[in-house]
Amino acid sequence: MKLVRYGNPGKEKPGLIDADGKLRDLSGVIPDIGPDQLSDAALAKLRKIKTEKLPLVRGKPRYGSPVNGVAKFIAIGLNFADHAEESGLPIPKEPIVFMKANSCIQGPDDPVMLPKGSLKTDWEVELGVVIGTRARYVSQKDALNHVAGYCTINDVSEREFQIERGGTWDKGKGCDTFGPIGPWLVTRDEVPNPQKLDMWLDLNGERMQTGNTKTMIFGVAKIISYVSQFMTLMPGDVITTGTPPGVGMGMKKDGKPAPLYVKKGDVMTLGIEGLGEQRQVVVPFKL
77 MKLVRYGNPG KEKPGLIDAD GKLRDLSGVI PDIGPDQLSD AALAKLRKIK
127 TEKLPLVRGK PRYGSPVNGV AKFIAIGLNF ADHAEESGLP IPKEPIVFMK
177 ANSCIQGPDD PVMLPKGSLK TDWEVELGVV IGTRARYVSQ KDALNHVAGY
227 CTINDVSERE FQIERGGTWD KGKGCDTFGP IGPWLVTRDE VPNPQKLDMW
277 LDLNGERMQT GNTKTMIFGV AKIISYVSQF MTLMPGDVIT TGTPPGVGMG
327 MKKDGKPAPL YVKKGDVMTL GIEGLGEQRQ VVVPFKL
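If you read the sequence shown in the working numbering, its first letter stands for residue 77, the second for the next number, and so on.
Next up, the structure:
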């Protein structure tokens, strides 16, 4: 299933995308798509619904994040060897774990706002994993059974805040609007192999990132198992799993560093095979 939340910010309704690609309203069946709707049992009930009997949603409503009530927004850094290389950093021996503020979560096509004083805001297309059942000290073999589904994420990052301002990466990762998720949550039964998905990102129509999840240093199962050793993963928690090469920070010209960062009016478009596409216009800071 492809589950969505649509409507104005803060007033989203649950829905699903049917076999013909049309949006159907689920608000008569479930109140929202959040932790209580992500278990295997809850998703199995939704699969039994005859989608053709659900109300058809007309027009082109805004999509919000496909998951509400995210308690933890966990991120994995430098998870592609070639991205680590372009960043000038060693390949990690263990997953690098940091947090994105859940206040940065927004819809897939909502504008991305430059933080106050930002000069180095960057893009990162990433595979998102949404937890469906509690995971604590889980084995790598059992890890994927705790997944509700997968989604596209843009791990927007302010590199000066992240790298040059001291402390942890979190301060450059959790700015308002820095966590576009969606457009939909694709349940895990429709993604038999999360390590075989093409991913891409364009800036103003020019291809910047091209990758595939098969080149991750640490796969999804390893990440879930690893993170669950340090914190209990709960239904609705989101993990964003790292980006392939082609970020602005790593750009080169004639073999020399030539970083490129987004500015007002730029447009980022990105997507992952089977998980949908996003489009964000970059806008200036506003309180």
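Yeah, the Cβ is synthetic: ideal placement off N, Cα and C, and Gly gets one too.
* **Own chain residues within Cβ distance below 8 Å of Asn-288, not counting five before or after** => Lys-272, Leu-273, Asp-274, Met-275 and Pro-320
* Where in the region 112-177 do unbroken runs of the alpha helix (DSSP H), each at least 4 residues long, occur, reported from the N-terminal end onward? -> 116-123 and 157-162
* **Residues that DSSP places opposite Val-188 in a beta bridge** => Val-358
* To do: Measuring alpha carbon to alpha carbon, tell me which of Pro-90, Leu-363 and Thr-291 ends up nearest Cys-251.
  => Leu-363
* Looking at C-alpha atoms only, which residue of Val-205, Gly-312 and Gly-318 is the closest neighbour of Arg-264? -> Val-205
* Asked: Hey, out of Phe-254, Pro-335 and Leu-114, whose CA is closest to Leu-190's CA?
  -> Phe-254
* Could you say which of Lys-340, Asn-221 and Leu-102 lies nearest to Pro-311 if we only look at CA atoms? => Asn-221
* Indicate the three-state DSSP secondary structure (helix, strand or coil) for Arg-81 in the structure shown. => Under the three-state reduction of DSSP output, Arg-81 falls in the strand class.
* From the DSSP output, in three-state form, read off Tyr-302 for me. => helix
* Roughly how many angstroms lie between the CA atoms of Gln-238 and Lys-148, to the nearest whole one? -> Each residue's Cα considered, the two are about 19 Å apart.
* Asked: Relative to the C-alpha of Asp-108, which residue among Pro-142, Met-175, Ser-215 and Gly-153 is closest?
  -> Pro-142
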